[in-house]
Each structure stands twice: as C-alpha cells, then as structure tokens.
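Student:
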Amino acid sequence: MSRRTLIAAALLALAALPTAQAAVRCTDFLAFPDNFPLLEKFKLNKFKFQDRSGGWAPFVNVFSDIIGQPVHGMQFDPRGLRITLPGPSLTVELRIGAFAGAGVPIEALDAAGGVQDLLILPSDNIMHTATLTAVSAPITMVQVKGGANEGVVNGVCAMR
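Mapped onto mature numbering (1 follows the signal peptide of the UniProt record, and there is no 0), the consecutive letters of the sequence shown carry residue numbers -22 to -1, 1 to 138.
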C-alpha cells in the first residue's frame, strides 16, 4: 500500500469517528421573563435543578445589583438548591449572588457525595462568578445553602 493510500485511509477512518461531546456545557435563565414561576424540580439544558427541601417554589428574578450588574436568574429560598450536572466535570462556574442574610455555602460534590470544593459566597448584594474545582474525583452536583430568600443563580457552566 502506498503512503498516499495509507494517509487517505487514515483520514477516512478519522472522519467516520463520532464527534466528541462538548467540553463545556452551560445554562442560564435569560429566556424566562421576570417573576416566571419555576418548578421545584426541573431540567434546563441537561442540568437538573432541585429545591433542597421544600418551601416556596423558585422563580426568575430580573433586576440590577448594587454596582449595576444585571441579575436575571433563579431566586431560591433559604434551604437552597441542588444542581445536578449533565456529566462528571472537573470545574463548575456559577454566576451567583446573595442579597440578604449571612454568607452562602456552595459545595461541589462527587458521585459518592464527597465534598470536592467549598466556597462561601458573601452576602454583599453583588453578583459573583464562583469557580469550584474537583480535587480527587469529578464533580457531579453543586449544592447551594442559605440565601435568606434572596439568593439568585444567573447561570452555571460545567467543564469536563
């Protein structure tokens, strides 16, 4: 077999392989209007959102934080929420803010429920980008606690 034929065969074989899954998957709430009610459990772009333990149902809230950044996200009650990722991820970024109460703990959990990362979001009326990183096992879920009825998640991205 000639070198040219071998290269052509290799290129054809590579072209036939299935495309890789996206390395980054994100979701947000921009498609929803202000005060739009959300279910206590729902899926959005393969992310599963769940109210942690009942209480009032989450809804979409649209306003600006104290430094003028847009807030257009899911407002959750003090019990917080769980976000199950579309797949195991090495890094997760949340656009999140706390507008009342004490700091808001954000935990990155692996499939066994182990904590891979933990951040405390200040309750300072400003939207933040919170980055959580896997230490020893991929992250499969993010758990947010607190917020004193005024925690808002604008969006989330999971990086494989």
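We treat Cβ as the ideally placed atom computed from N, Cα and C, and that holds for glycine.
Is the beta carbon of E71 less than 7 Å from the beta carbon of Q121?
Tutor: No; because the gap between Cβ atoms is not below 7 Å, this pair is not in contact.
Student: Give a yes or no on contact between the segment 5 to 13 and the segment 42 to 52, applying the rule of three or more CB pairs nearer than 8 Å.
Tutor: With the cut-off at 8 Å, the segment 5 to 13 and the segment 42 to 52 touch.
Student: Give me, in chain order, the residues of the same chain whose beta-carbon lies closer than 7 Å to that of G125; leave out the 5 immediate sequence neighbours on both sides.
Tutor: For G125, where only same-chain residues beyond five positions count, the Cβ hits under 7 Å are F54, P56, G58, A76, G79, V82.
Student: Just tell me which of I61, G91, H106 has its CA closest to the CA of I45.
Tutor: For I45, the nearest C-alpha among the options comes from H106.
Student: Put I117 into one of helix, strand or coil per three-state DSSP.
Tutor: Correct three-state label for I117: strand.
Student: Considering Cα atoms alone, identify which of G133, V2, N132, R73 is closest to P66.
Tutor: The shortest Cα separation from P66 among G133, V2, N132, R73 belongs to V2.
Student: Would F10 count as contacting chain D if we go by Cβ distances under 7 Å?
Tutor: In the structure shown, chain D cannot be found, because there is only a single protein chain.
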